[in-house]
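Notes for the one structure printed next.
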Ligand code: SF4
Ligand code: SF4
Ligand code: SF4
Ligand code: FES
């Protein structure tokens, strides 16, 4: 899937949670949203992007922090069918 | 007169709790205060003759056929306008009364053709009935002046007006005014010269009439009559069913001769529509038997091959084998399904069940993705349930109505009429919409405030409204303290109190003057019962879900939720949007809005379905397209949807469809999507199957089979055959068994069954042990989630912004006579009202570009370009243009982009940056589209018929 589009979508999710005054809650909010609504291949791609991207990548800081902190939650749960 | 009107009680029922007892012809009867003598007599089983009265209308008292004698009173009062009084003694038959009535009838008949035997109303005419009832035997003035030579007005495609048969009872005039609220009819002149005329035009078609049919239903004679009855004769039997168009979900009686549908009339007992309908449901059903219907399954290897007509078995086995091949080659997750909001609950349930149980994945989505998915998300987060809070009747108790991003008189006409009734009674209206929709200023209705905001700034506006409510102390503190989550409220209060949300600060963004916002907020918060109705102008934005939550916040903060007259009311687009969502069509939710990762729910379904289910959310429709284009999604089963026309950025969608190895489309017609299909499975119209639809008020209503499926199978049977061929057994004998399974597995449906629906007519979920009669109003004692949760709603500007290249904003929508992609309504006479999609633009924008009314204009965005005809209109604000997407060739969605709601991927149909310019020829896309279309039509026309196929 087009990674630019996934980044854009992830940043949109991030932009919503920016309003949350507590940063840890905002990070949890982003991660929870992706875990609940993003299909595993989308999550896998965004995590792969996180790993290969250099500093200053296209992810917003909040999304980047959320992915780093909650990466275990975002990994695919079961085996690939 | 429809078959169901034959037990009409003459004047409307009254709701008073005070009973009044009287005697009529010696019989004691007790009725609510305010009831007419005519109605009370009907309750007592006494039928007083009448002509100008009807239960659907307030009494008028013009014909004087309903005269009675009242003890202690002089003269002969009209029973329709005389109200019951305690201990009144009424006599309905006497020699004097008979003489009077005969006199009345004689005058009527003297100016009425005596061609009863050949009249279209023969056998179903109130005038004829009354002549018989009063024993009319001679007409003394038959040679006088009359209207018998006047010509009929046949301009409307569905009904005719024959003035020769008009008795000037004015029932039609009152129906148009009181029920429909259009005021298109007037009585011209007075006395003998008086006639009925459609205002604002030379004839009905040319007038302000919106062809709702209320006048036709009200007419006691053949003066206003359905053309189908004129041509085919009176219907013989009626079957109650539900309209298959919009989310109002009107209850309709299909009136038939054998299996042949003669007319559709609104059901006076219908809970959603109370006896009213609109031009679509009432008249536009001809598509069901249109010659374009495809009634045999077809398959082909590639979309450049001609279709091959095959039997059901071959088609189903071919589809199943293809899906299995794809899953074997590319992995289980390479296939998925799309359910339809136009199909029944039972059908939708089966498609998601097939996807989860037979495909073994959660890649199932529904077209609600592209309309109301933000409603599901936003209301679940705040109130705890993904549904509207009220029934439609509730509007009659509202004092202030806030309509946001909805155009009820076009999109939800029967609700629109109801709303206008309430507004004429004095309720106040606030409209938030970039366009001056009809409601803003229509006969006898005028919005107190029109918040004419810039497209894409909803959230800034709702925050400004909230700011005023908080800053000016208009919060219902007691309600919030008792019913809402304190911590979330405190956070929200601090958030919206920030000066950056004030109307003064946001005016530059929204374009709405601060004083107007303040006035609207005060009125909504303090004007009594405040009800919010919203539509796709709220959801179809990059912040659609945020806006839904913003609306729920407003309702909670002002205590406008949890009782009749208030609430948060999403107006659903298609007939079964609510139902398709309820049935587990979303890739992350099992039926009843329970997340797939919830172990208890999943185990419940696993043990009922006998399979292991995935706990991971599946792909949403736009994700399916993206995955298809990147090669990881290969097979799709689409039931009753036309994603190639309805979804945004057409070229992106069609590229995705072209990349599929197996596309199975189940539909009535070879729609735009089916032109990319490898397997075509013929669908059945709503007249050909049993099932249920759930409308915008959570009302579950039956659709009933009135004719056999043209292709031999109802849609649920086809899904069942496909599941079986995939190796997952399904053995339902009737849709009622599917509903029984849904009820068993879904707590809010525990009390639903076909038997209960037959008994009560319809049921609003939740319907279970706690609410055996259903639930008209939700969140009465507490919110479904316990305490109502306030959500923060920061305004984030959409990236679809105007710039030098694309200086205008396009917003899209729909109109009254056409429905969605138009697959149905384009195949009816409704095209006389809307033969093509047009681009509306403000005179200033037109002048800047040298555009005149009717010019061809190019409409261009970063996604694509199309060409339409221009209509210059001050309904638009400068800088904003508008079109509809009812015709595939007009390509509105070639122009819309894939930008979408942050939470749900609901497309941002309502905001696209565009340029408009005068052009001379169709766009490049339109030329390609026309070519492709011709090619596909040829492949269909040349379909190969295998003589051995058992069709
Ligand atoms: S069809 Fe409806 S709008 Fe038209 S005149 Fe009759 S009642 Fe009025
Ligand atoms: S058209 Fe029918 S309803 Fe209207 S005034 Fe004439 S008879 Fe009455
Ligand atoms: S389209 Fe909507 S308003 Fe019109 S008859 Fe059907 S359900 Fe009712
Ligand atoms: S029915 Fe009462 S006056 Fe016509």
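Residue numbers (my numbering), protein chains in the order written: chain A, 2 to 82; chain B, 5 to 955.
Heads up, the beta-carbon is just placed ideally off N, CA and C, and yes, glycines get one too.
Listed in chain order, which residues are found with a beta carbon closer than 6 angstroms to a heavy atom of ligand 4?
Chain-ordered list of matching residues: B:54, B:55, B:56, B:57, B:65, B:66, B:67, B:68, B:69, B:70, B:82, B:84.
When the Cα atoms are used, what is the spatial distance from residue 589 (chain B) to residue 369 (chain B)?
Within the second chain, residue 589 (chain B) is the residue found at index 585, counting from 1. Within the second chain, residue 369 (chain B) is the residue found at index 365, counting from 1. Taking the straight line joining both Cα atoms gives about 5 angstroms.
Should residue 941 (chain B) go down as buried or exposed, given a rule of 16 or more other Cβ atoms within 10 Å for buried?
For the purposes of this step, residue 941 (chain B) is identified with residue 937 of the second chain, where counting begins at 1. Its Cβ having fewer than 16 others within 10 Å, residue 941 (chain B) is exposed.
Output the distance between the C-alpha atoms of residue 109 (chain B) and residue 22 (chain B), rounded to the nearest integer angstrom.
For the purposes of this step, residue 109 (chain B) is taken as the residue at position 105 of the second chain. For the purposes of this step, residue 22 (chain B) is taken as the residue at position 18 of the second chain. Straight-line Cα distance between these residues: approximately 36 angstroms.
Taking a contact to mean a Cβ-Cβ separation below 7 angstroms, would you say residue 301 (chain B) touches residue 281 (chain B) in this structure?
To locate residue 301 (chain B), count along the second chain from 1; it is residue 297. To locate residue 281 (chain B), count along the second chain from 1; it is residue 277. Cβ atoms of residue 301 (chain B) and residue 281 (chain B): not closer than 7 angstroms.
Can you give me the start and stop residues for the alpha helix (DSSP H) that residue 609 (chain B) sits inside?
Numbered from its first residue, the second chain carries residue 609 (chain B) at position 605. Its alpha helix (DSSP H) spans residues 603–613.
Helix, strand or coil for residue 891 (chain B), going by three-state DSSP, please let me know.
To locate residue 891 (chain B), count along the second chain from 1; it is residue 887. Residue 891 (chain B) falls in the coil class under three-state DSSP.
Could you check which residue in B:334, B:58, B:533 has the C-alpha nearest to that of residue 363 (chain B)?
The count along the second chain starts at 1 and reaches residue 363 (chain B) at position 359. The residue with the shortest Cα to Cα distance from residue 363 (chain B) is B:334.
Which same chain residues, not among the five before or five after residue 82 (chain A), have their C-beta less than 7 angstroms away from its C-beta?
On the first chain, residue 82 (chain A) is found 81 positions in, with the first residue counted as 1. In this prediction, residue 82 (chain A) has a pLDDT of 47, which is less than 50 and means its spatial position is unreliable; what the coordinates show is noted afterwards. Excluding sequence neighbours, residue 82 (chain A) sits near nothing in its chain.
Does residue 309 (chain B) pass the burial test, meaning 16 or more other C-beta atoms within 10 Å, or should it be called exposed?
Here residue 309 (chain B) is taken as the residue at index 305 of the second chain, counted from 1. Burial call: exposed.
Would you say residue 776 (chain B) touches ligand 3, meaning its beta carbon is less than 6 angstroms from a heavy atom?
Sequence index remark: in the second chain, residue 776 (chain B) carries index 772 (1-based). Not under cutoff, so the answer is no.
Using three-state DSSP, classify residue 84 (chain B) as helix, strand or coil.
Residue 84 (chain B) sits at position 80 when you count from the first residue of the second chain. It is coil, neither helix nor strand.
Three Cβ pairs or more, each shorter than 8 angstroms: is that satisfied between the stretch 374–383 of chain B and the stretch 574–583 of chain B?
Segments in contact, yes.
Under 5 angstroms from any heavy atom of ligand 3, by CB: list those residues in chain order, please.
My final list is B:247, B:249, B:250, B:252, B:254, B:281, B:282, B:284, B:285, B:417, B:418.
In angstroms, rounded to a whole number, what distance separates the CA positions of residue 76 (chain A) and residue 619 (chain B)?
If you number the first chain from 1, residue 76 (chain A) lands on position 75. If you number the second chain from 1, residue 619 (chain B) lands on position 615. Near 13 angstroms, if we compare the C-alpha coordinates of residue 619 (chain B) and residue 76 (chain A).
Flag residue 82 (chain A) as yes if its beta-carbon sits less than 7 angstroms from any beta-carbon of chain B, otherwise no.
Taking the first chain and counting its residues from 1, one reaches residue 82 (chain A) at position 81. Any reading at residue 82 (chain A) needs caution, since the residue's pLDDT is 47, under 50, leaving its predicted position unreliable; the model's value is listed next. Yes, its Cβ sits closer than 7 angstroms to a Cβ of chain B.
From residue 698 (chain B) to residue 409 (chain B), what does the alpha carbon distance come to, in whole angstroms?
Here residue 698 (chain B) corresponds to residue number 694 of the second chain, with the count starting at 1. Here residue 409 (chain B) corresponds to residue number 405 of the second chain, with the count starting at 1. Roughly 22 angstroms separates the two Cα atoms.
With DSSP collapsed to three states, give me the class of residue 12 (chain A).
Here residue 12 (chain A) corresponds to residue number 11 of the first chain, with the count starting at 1. It is helical.
Let me see if you follow: with CB-CB separation under 7 angstroms, is residue 53 (chain A) close to chain B or not?
Within the first chain, numbered from 1, the residue matching residue 53 (chain A) stands at position 52. Output row for residue 53 (chain A): interface = no.
Along chain B, in chain order, which residues have C-beta atoms closer than 8 angstroms to that of residue 62 (chain A)?
In the first chain, residue 62 (chain A) corresponds to position 61, counting from 1. Residues of chain B passing the Cβ test: none, with the nearest at roughly 16 angstroms.
Here's the rule: buried if 16 or more other CB atoms are within 10 angstroms of the residue's CB, otherwise exposed. What is residue 259 (chain B)?
Mapped onto the second chain, residue 259 (chain B) falls at position 255. Residue 259 (chain B) is buried by the Cβ-count criterion.
Quick check on residue 305 (chain B): buried or exposed, where buried means 16 or more other Cβ atoms within 10 Å of its Cβ?
For the purposes of this step, residue 305 (chain B) is taken as residue 301 along the second chain, with counting starting at 1. Exposed, because fewer than 16 other Cβ atoms sit within 10 Å of the Cβ of residue 305 (chain B).
Assuming residue 579 (chain B) and residue 345 (chain B) make a contact with CB atoms under 8 angstroms, what is their CB distance in whole Å?
Counting from one through the second chain, the residue named residue 579 (chain B) turns up at place 575. Counting from one through the second chain, the residue named residue 345 (chain B) turns up at place 341. Correct: roughly 7 angstroms between the Cβ atoms.
On the DSSP bridge list, what partners appear for residue 36 (chain B)?
Translated into the one-based positions of the second chain, residue 36 (chain B) becomes position 32. In DSSP, residue 36 (chain B) forms a bridge with B:23.
Less than 6 angstroms between the CB of residue 215 (chain B) and some heavy atom of ligand 1, yes or no?
Here residue 215 (chain B) refers to the residue found at position 211 when the second chain is read from its first residue. Checking the Cβ of residue 215 (chain B) against ligand 1 gives yes.
For residue 276 (chain B), go through chain A and note every residue whose CB falls closer than 7 angstroms to its CB, in chain order.
As a working note, residue 276 (chain B) is residue 272 in the second chain. The contacting residues do not exist; residue 276 (chain B) stays about 32 angstroms from chain A at best.
Kindly indicate the opening and closing residues of the beta strand (DSSP E) around residue 264 (chain B).
Translated into positions along the second chain, residue 264 (chain B) becomes position 260. Note, residue 264 (chain B): beta strand (DSSP E), 264–270.
Any beta carbon of chain B sitting closer than 7 angstroms to that of residue 65 (chain A)?
Taking the first chain and counting its residues from 1, one reaches residue 65 (chain A) at position 64. No - not a single Cβ of chain B is within 7 angstroms of the one on residue 65 (chain A).
Comparing C-alpha positions only, which one of B:163, B:755, B:787 sits nearest to residue 220 (chain B)?
As a first step, residue 220 (chain B) is located in the second chain; it is residue number 216 there, counting from the start. When only C-alpha atoms are compared, the closest one is B:163.
Is there a Cβ of chain B sitting closer than 7 angstroms to that of residue 23 (chain A), yes or no?
Taking the first chain and counting its residues from 1, the one referred to as residue 23 (chain A) is at position 22. False, the Cβ-Cβ gap to chain B never drops below 7 angstroms.
Return yes when the C-beta of residue 171 (chain B) is under 6 angstroms from any heavy atom of ligand 2, and no when it is not.
In the second chain, counting from the first residue as 1, residue 171 (chain B) sits at position 167. Yes, the Cβ of residue 171 (chain B) comes within 6 angstroms of a heavy atom of ligand 2.
Hey, out of B:674, B:668, B:625, B:138, whose CA is closest to residue 653 (chain B)'s CA?
Position 649 of the second chain, counted from the first residue, corresponds to residue 653 (chain B). For the residues B:674, B:668, B:625, B:138, the minimum Cα distance to residue 653 (chain B) belongs to B:625.
Hey, residue 39 (chain B) and residue 87 (chain B) are a contact pair by Cβ (cut 8 angstroms); roughly how many whole angstroms apart?
The residue given as residue 39 (chain B) occupies position 35 in the second chain. The residue given as residue 87 (chain B) occupies position 83 in the second chain. Residue 39 (chain B) to residue 87 (chain B), Cβ: 7 angstroms. Contact.
Would you kindly work out how many angstroms separate the C-alpha atoms of residue 199 (chain B) and residue 96 (chain B), rounded to a whole number?
By 1-based counting over the second chain, the position of residue 199 (chain B) is 195. By 1-based counting over the second chain, the position of residue 96 (chain B) is 92. Going from the Cα of residue 199 (chain B) to the Cα of residue 96 (chain B) covers about 31 angstroms.
Under a CB-based cut-off of 7 angstroms, is residue 288 (chain B) close to chain A?
Translated into the one-based positions of the second chain, residue 288 (chain B) becomes position 284. No, residue 288 (chain B) does not count as interfacial toward chain A.
Please list, in chain order, the residues of the stretch 896–907 of chain B that have any C-beta partner in chain A closer than 9 angstroms.
For the stretch 896–907 of chain B, which is checked against every Cβ of chain A, the residues closer than 9 angstroms are 902, 903, 904, 905, 906, 907.
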